[in-house]
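All remarks here apply to the structure that follows.
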Amino acid sequence: MADIALRFHKDPLVLSAPIDELLERQGIEDATNQREFMDLIEPETVFEVQKLDHMMGAQCMVTNTYDITRARLAHSRFEEQSSEIARASVEVLRDLKPQHIIASIGPTRLPIDPESKSSLKQNRDQYARAVQDFGEDIDAVLLDGMVSLVDLKCAITGAKKATDLPVFVSVNLDAQGKLAGRDTTWEEALAVMLEFEADVVGFSTAAPLPEVLPLVQAAAQATDVPLLVQLQVGEHDPRDVNPGFRPVEITPDNPYRTSDAIFDAGVALLDAGVQFLRAVGHATPSYTGALVIAGDGRDCVR
Numbered sequence: 059m060a061d062i063a064l065r066f067h068k069d070p071l072v073l074s075a076p077i078d079e080l081l082e083r084q085g086i087e088d089a090t091n092q093r094e095f096m097d098l099i100e101p102e103t104v105f106e107v108q109k110l111d112h113m114m115g116a117q118c119m120v121t122n123t124y125d126i127t128r129a130r131l132a133h134s135r136f137e138e139q140s141s142e143i144a145r146a147s148v149e150v151l152r153d154l155k156p157q158h159i160i161a162s163i164g165p166t167r168l169p170i171d172p173e174s175k176s177s178l179k180q181n182r183d184q185y186a187r188a189v190q191d192f193g194e195d196i197d198a199v200l201l202d203g204m205v206s207l208v209d210l211k212c213a214i215t216g217a218k219k220a221t222d223l224p225v226f227v228s229v230n231l232d233a234q235g236k237l238a239g240r241d242t243t244w245e246e247a248l249a250v251m252l253e254f255e256a257d258v259v260g261f262s263t264a265a266p267l268p269e270v271l272p273l274v275q276a277a278a279q280a281t282d283v284p285l286l287v288q289l290q291v292g293e294h295d296p297r298d299v300n301p302g303f304r305p306v307e308i309t310p311d312n313p314y315r316t317s318d319a320i321f322d323a324g325v326a327l328l329d330a331g332v333q334f335l336r337a338v339g340h341a342t343p344s345y346t347g348a349l350v351i352a353g354d355g356r357d358c359v360r
């Protein structure tokens, strides 16, 4: 696999979607809580699901490991298998021979006392250990959904301590452009990402495009670091992805309901200077494919 950093600022790249939606459609109950264990107990199922995004042209395949930190795995008493799970998730993707593999690491959700060195170290070490668990067969790390500024600092410093690979960082933003459940603004989160030298910065949002573009513009003005935007697809009827089957209403609370809508958003985001795109939430491979088509034959514009 090629060094992904060599492609920064060159061509648009699409990350594969989470597999939760397709697992649930296959009748797997509580797919979100079983996600990581599927890599161990049913790797064939994970392979077949992720193969669909690969077939759609996603250049960056993301591991099925959002809750890979030991703090999260401890809820199911699988913390001692963290390395085994991480490496199994990479092995599944290696069989697809993708252009790039990105290791996904979500927040620990540990309580953090910003005045306590031991508390900060404990959280930071969780992220460092998670990165180490993946081994060497990855191209980058995605710190996804960090929940606060102090969590951002711990995650980035922990990842940077454990690897020299590019570190992608993303936070979840609400319709007001603030971290979900907090008063922290995108600009404040971006400042922390840049201070601690994230290699790719971005956010995930379900907000309509007119509210997203100013956030992209603010980042483009603040830094020349590559930008990542993850568009959250809300619940939808599976028939929505079949153009012409029936009229589909796009609503403000679900602006990316169809693959056509996410294609249009992808084009606008690429025009605004975004390089990395991803469909998340209830996204299926058709949404990934729409983003791939949006970037087909284009160069990055900043």
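With our numbering applied, the sequence shown covers 59 to 360. In this text, a Cβ means the ideal position worked out from N, Cα and C, and glycines have one as well.
Could you check how far apart the C-beta atoms of residue i and residue j are, in whole angstroms? I think they sit under 8 Å.
i: Q117; j: L71; result: 5 Å
i: H133; j: I62; result: Actually they do not touch by this definition, with Cβ atoms about 32 Å apart.
i: T221; j: V199; result: 6 Å
i: L273; j: W244; result: 5 Å
i: V325; j: A352; result: 5 Å
i: P165; j: D232; result: The pair is not a contact, with the Cβ atoms about 16 Å apart (cut-off 8 Å).
i: D257; j: V225; result: 5 Å
i: F334; j: P266; result: Rounded, the Cβ-Cβ distance is 20 Å, inconsistent with contact.
i: L271; j: A337; result: L271 to A337, Cβ: 17 Å. No contact.
i: A186; j: A217; result: 7 Å
i: G347; j: G115; result: 6 Å
i: T215; j: I163; result: T215 to I163, Cβ: 13 Å. No contact.
i: A188; j: S140; result: 7 Å
i: E137; j: R128; result: 4 Å
i: H340; j: E269; result: Not a contact, Cβ separation roughly 20 Å.
As a quick exercise: from the options, pick the residue whose alpha carbon is nearest that of residue i.
i: D197; options: D311, L81, K155, F136; result: K155
i: A161; options: C212, D191, A326, V120; result: V120
i: A146; options: I126, I170, R167; result: I126
i: D357; options: A337, L207, L328, V338; result: L328
i: A278; options: H294, L248, F136; result: L248
i: T103; options: E82, V189, M114; result: E82
i: Q275; options: G260, Q139, H67; result: G260
i: A264; options: A280, D282, A213, A238; result: A238
i: L207; options: E194, L223, M251; result: M251
i: D354; options: D69, L64, L168; result: D69
i: Q184; options: D153, K219, S174, N230; result: K219
i: V150; options: K179, N181, H112; result: H112
i: R360; options: I320, A323, D282; result: D282
i: R240; options: C212, P310, G203; result: G203
i: N181; options: V189, R167, E173; result: R167
i: D322; options: N312, L349, P310, D311; result: L349
i: K175; options: R152, D195, L64, K211; result: K211
Quick one: is residue i buried, meaning 16 or more other Cβ sit within 10 Å of its Cβ, or exposed?
i: T316; result: buried
i: P343; result: buried
i: G302; result: The predicted position of G302 is uncertain, since its pLDDT is 44 and thus under 50; a value taken from the coordinates is nonetheless stated next. Its Cβ having fewer than 16 others within 10 Å, G302 is exposed.
i: S228; result: buried
i: I99; result: exposed
i: D191; result: buried
i: R130; result: buried
i: D171; result: exposed
i: S74; result: buried
i: P76; result: buried
i: D78; result: buried
i: E255; result: exposed
Under the DSSP definition of a beta bridge, which residues are partnered with residue i?
i: C212; result: Looking at the DSSP assignment, C212 forms no beta bridge with any residue, so it has no partner.
i: V227; result: L201, V259
i: Q288; result: S262, R336
i: H294; result: DSSP lists no partner for H294.
i: C118; result: L73, H158
i: T309; result: N312
i: I62; result: Answer is none; I62 lacks a bridge partner.
i: I163; result: L201
Contact criterion: CB-CB distance below 8 Å. Does residue i meet it with respect to chain C?
i: I196; result: Included in the structure is just one protein chain, with no chain C present.
Inset, instruction - Within the segment 229-280, note down every full alpha helix (DSSP H) run reaching 4 residues or more, in order along the chain. - result: Within the segment 229-280, the alpha helix (DSSP H) runs of at least 4 residues that lie entirely inside it are, in chain order, 244-253, 267-280.
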